[in-house]
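Note sheet for the following structure.
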Amino acid sequence: MRMSFTRLVPTTAVIGALLASLKYGVDAFTSTSDHLSQRQSIHNTAHALFASSDAASSDSAPPLNVCIVGAGPCGLLLSHLLLQEPNVKVSLMDGRADPRSLASQAMDARAYALGLGIRGRTAIRSVDETLWQAVKNSGFESERFKLHAGPFVIPLRSEKDSIDGQQPGKVVEPSVLLFQSALCGSLLEELEQRHGNTGRLNAMFDCEVKDCDLKTMQVSVDSK
């Protein structure tokens, strides 16, 4: 099956731009006079990577049809950001099963846990606080981390690190520990609840991309 899209952008360019926006803050993609929040900066970065002048200038313009290959945390979060624009349609593809399925949640060799700290929280909150709370509820908070390397035990974070040294009296949020499948499941569940009935989201799992033609903007896929 071949599908046509308006824009195909390498994932590395998207991730790099979003991470730079997180790392360097507002001024990485906006002038200092704009006084935009970090959430706005990240949102504008995602929009600038994909939006055409026509789609950005008019609600009546033809929708921008974007293909995202890989429904991991980055692909799902990018889908959230792009679908905040009314003229954007997203087709999200992944060769693996739906992360909410029993097969994805099984403890196999590909299962691994993640710790979401300040950068993870900031990236997810770039959509809104509700999305972060949904992700947070799928894991559990932890204030202490230790790295075990043979006979050595290296403390990576202790309870003392929960106090912000730059802002006395302010408590730093604990990290959230969860499995990658739980993170993706939460992001996908919120994505479908918000945009599933709009006709602008098409999430396809067990779907492998066989070919991508950047000249014709077509993708060949094989559904299992």
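Under mature numbering (1 follows the signal peptide of the UniProt record, and there is no 0), the residues of the sequence shown are numbered -28 to -1, 1 to 196, in order.
A virtual CB, placed ideally from N, CA and C, is assigned to each residue, including glycine.
In angstroms with no decimal places, state the Cα-to-Cα distance between residue i and residue j.
i: Ser98; j: Ala154; result: 19 Å
i: Val144; j: Val193; result: 45 Å
i: Cys156; j: Cys184; result: 25 Å
i: Asn37; j: Arg166; result: 18 Å
i: Val125; j: Glu57; result: 47 Å
i: residue 202; j: Val191; result: Since the first residue shown for the chain is -28 and the last is 196, residue 202 is missing from the structure and cannot be characterised.
i: Gly171; j: Leu163; result: 13 Å
i: Lys187; j: Ala95; result: 32 Å
i: Asn59; j: Pro123; result: 56 Å
i: Ser195; j: Gly47; result: 19 Å
i: Leu160; j: Arg91; result: 20 Å
What are the boundary residues of the beta strand (DSSP E) that residue i is part of?
i: Val107; result: Premise fails: Val107 lies in the alpha helix (DSSP H), Glu101 to Lys108, not in any beta strand (DSSP E).
i: Gln190; result: Gln190 to Ser195
i: Leu173; result: Leu173 to Met176
By alpha-carbon positions, which one of the options ends up nearest to residue i?
i: residue 224; options: Ile96, Lys61 and Ile126; result: What the structure shows of the chain is the stretch from -28 to 196, and residue 224 is not part of that stretch, so it cannot be assessed.
i: Gly111; options: Asp183, Gly89 and Met189; result: Gly89
i: Asn109; options: Asp194, Met189 and Arg93; result: Arg93
i: Pro146; options: Asp70, Ser114 and Leu36; result: Ser114
i: Leu86; options: Met(-28), Glu161, Glu180 and Val148; result: Val148
Does DSSP classify residue i as helix, strand or coil?
i: Gly87; result: strand
i: Ser114; result: strand
i: Cys184; result: strand
i: Ala95; result: helix
i: Ala69; result: coil
i: Val144; result: coil
i: Met(-28); result: coil
i: Val60; result: strand
Identify the continuous alpha helix (DSSP H) that holds residue i and give its terminal residues.
i: Ser153; result: Gln152 to His167
i: Leu54; result: Pro45 to Leu54
Three-pair Cβ contact test at 8 Å for the stretch 118 to 129 versus the stretch 91 to 105 = The stretch 118 to 129 is not in contact with the stretch 91 to 105.
Is the stretch 169 to 180 touching the stretch 56 to 71, taking contact as three or more C-beta pairs under 8 Å?
-> Touching, yes.
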